[in-house]
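Structure first, then comments.
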Amino acid sequence: MSTIKNPLPECPSTPNCVRKAISVEGDSSTTFSAVEEALEKIGAESIKKEESKLRIDAIFKIPIFGYRDDVAVLVEPKNESSTIFIRSASREGHWDIFVNSIRVRRIINQIQKQLSE
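Per my numbering, residue 151 is the first one in the sequence shown, and the count goes up by one each step.
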């Protein structure tokens, strides 16, 4: 079994950061577009794209408290498929009440939905 090395920064030892990698069918351009649309659909406050690097950095605002969380997504082409690396981290605090974990699951679900349409 091969292990995918995630190029995004490792999470600190606090529970307010999540880092995942998933493989999907589809070329990197289609996957990158699906990632961008997924981030928009789940409510990113801002999105900064670096298409040449297949990277998107987004900011999400927590509605009740107003805190901002950072999300980084990197798409790595693999023949007919792509690997998507995702990191979601709180800027402040220690606990996040699973906000980042839930967000990453929502991003992954939305990407998969976009790619299946």
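Yeah, the Cβ is synthetic: ideal placement off N, Cα and C, and Gly gets one too.
Note that the structure is predicted; figures quoted are calculated from it, not measured.
Item: Less than 8 angstroms between the C-beta atoms of Ile236 and Val174, yes or no?; Value: no
Item: If we count the other Cβ atoms within 10 Å of its Cβ and call it buried at 16 or more, is Ile261 buried or exposed?; Value: buried
Item: Thinking Asp207 and Ala222 are a contact (beta carbons under 8 angstroms), I'd like their distance in whole angstroms, please.; Value: 5 angstroms
Item: Thinking C-beta only, is Glu186 closer than 8 angstroms to Ile197?; Value: yes
Item: Assign Ser266 to one of two classes, buried (16 or more other C-beta atoms within 10 Å of its C-beta) or exposed (fewer than that).; Value: exposed
Item: If we call anything under 8 angstroms between Cβ atoms a contact, is Ser251 one with Ser178?; Value: no
Item: On the DSSP letters alone, give me the boundaries of the alpha helix (DSSP H) that Phe215 sits inside.; Value: Here Phe215 belongs to no alpha helix (DSSP H), and DSSP marks it neither H nor E.
Item: What's the gap between the Cα of Gln264 and the Cα of Lys211?; Value: 23 angstroms
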